[in-house]
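The structure under discussion appears below in the form of structure tokens.
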Ligand SMILES: CC(C)(COP(=O)(O)OP(=O)(O)OC[C@H]1O[C@@H](n2cnc3c(N)ncnc32)[C@H](O)[C@@H]1OP(=O)(O)O)[C@@H](O)C(=O)NCCC(=O)NCCS
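In my numbering, the protein residues as written are 2 to 375.
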């Protein structure tokens, strides 16, 4: 390794590039706005516009944006046929990854990497992703897909397409806030994956497919599904303390806790916790909130570990009556905005992302021809 080369396992602490989309230095901000203010005063649709277009929209800009996104809430017939042909047991994240790949084939601008074409594709994916998730979900239950509603925002329409019923304002707002908080997080693993693919001048859909693959992992977005499974294993508030102490003794990773950068807590988790709590109270099932409280106490005391956003998100989605395999696809339906903003930004001042590795394999070997190798 030369003097100019540095090695940091997992790229911890490495500045991998520049971005004007978000920062986590001195509090998470999207395009300069504190995420806490965005969660309090805006909707996900406004945040999606902010991330993709750079500024919060004026009323007319928002209305036009929502019109474009809702017009895109449709899937090409061959993809709909494929969704019907898939086994009911298909993992929704796998279906979504495949769906985006197929959408690339039918998008008229897949091969056009201009900023305008990439913005158009980003808005279309924002509209299409919930349709693909909801349609496959309903088909897997033997139910007919529900047509999207152009008069509903992103969150309300997604919930509507899943159940066929309009969700309550409390449910819509809680889901909407979770999407605001999930939308963007600088150089996280999936956004970085998207940027690596974009840096080869591949197409936007290819970068999104790769990002979905990265998000699926339980150390990243897949954690929100594992959180609810973990709570179920913990059993309830009375058994939670013993369960978590045993899990720590077994050296298990506790999903929904810890973070590569936030070592003293994640502000997004604090914001969403209130919504998870309110939704649980409205559903009349506060058992998981109480269980979570016990686990939080033990992890803070014993390991100085704090919840990340996936911890309240998993509970919130459960309290909203949503099924566990949909939780990471919900994350995708929001983070698609951050990913696309990163892809467009990467291409705006592109340099191929190609780091070096430190070699740890054998050395000094000589090739013995196959005939002499025995
Ligand atoms: C997110 C995560 C991958 C960050 O990993 P990281 O930056 O490599 O973790 P750290 O370097 O801070 O870990 C320090 C120590 O705390 C432990 N630790 C970190 N998160 C932990 C968790 N969730 N459960 C148990 N132990 C944990 C590590 O194993 C390590 O222990 P060691 O020093 O004995 O090896 C990790 O916290 C994790 O796996 N969390 C659970 C998955 C999750 O919720 N992912 C969503 C992230 S937003």
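From the three backbone atoms N, C-alpha and C, an ideal C-beta is built for every residue, glycine too.
Reduced DSSP category for residue i - H, G, I as helix; E, B as strand; rest coil
i	result
residue 24	strand
residue 107	helix
residue 35	strand
residue 131	helix
residue 366	coil
residue 196	helix
residue 238	helix
residue 45	helix
residue 1	Lying outside 2 to 375, the shown extent of the chain, residue 1 is not represented and no answer is given.
residue 258	strand
residue 30	strand
residue 10	helix
residue 337	helix
residue 203	coil
residue 269	helix
residue 214	helix
residue 349	helix
residue 177	helix
residue 274	helix
residue 147	coil
residue 286	coil
residue 157	helix
residue 263	coil
residue 374	coil
residue 344	helix
residue 252	coil
residue 164	helix
residue 247	helix
residue 219	coil
residue 40	helix
Selection from the options that minimises the alpha carbon distance to residue i
i	options	result
residue 270	218, 234, 178 and 328	178
residue 64	155, 28 and 131	155
residue 185	223, 31, 13 and 133	31
residue 90	296, 142, 112 and 318	142
residue 212	202, 79 and 189	189
residue 98	117, 112 and 129	129
residue 336	51, 92, 302 and 351	51
residue 171	341, 247 and 283	283
residue 260	302, 307 and 349	307
residue 20	361, 351, 42 and 224	351
residue 9	369, 375, 359 and 364	359
residue 121	87, 66, 251 and 247	66
residue 78	365, 264, 5 and 100	100
Residue j beta carbon less than 7 Å from that of residue i
i	j	result
residue 115	residue 347	no
residue 305	residue 192	no
residue 293	residue 320	no
residue 53	residue 123	yes
residue 149	residue 139	no
residue 182	residue 57	no
residue 207	residue 194	no
residue 262	residue 22	no
residue 228	residue 315	yes
residue 291	residue 238	yes
residue 277	residue 317	yes
residue 119	residue 345	yes
residue 74	residue 132	yes
residue 309	residue 267	yes
residue 151	residue 160	no
residue 163	residue 135	yes
residue 245	residue 197	no
residue 1	residue 103	This structure cannot settle anything about residue 1, because the visible part of the chain is limited to 2 through 375.
residue 222	residue 329	yes
residue 376	residue 295	What the structure shows of the chain is the stretch from 2 to 375, and residue 376 is not part of that stretch, so it cannot be assessed.
residue 257	residue 312	yes
residue 70	residue 127	yes
residue 48	residue 39	yes
residue 105	residue 111	yes
residue 137	residue 96	yes
residue 94	residue 217	yes
Those runs of the alpha helix (DSSP H) which lie wholly inside the stretch 291-334 and span at least 4 residues: 311-320
4 or more residues per run - each alpha helix (DSSP H) lying fully within the stretch 61-127: 78-86 and 93-107
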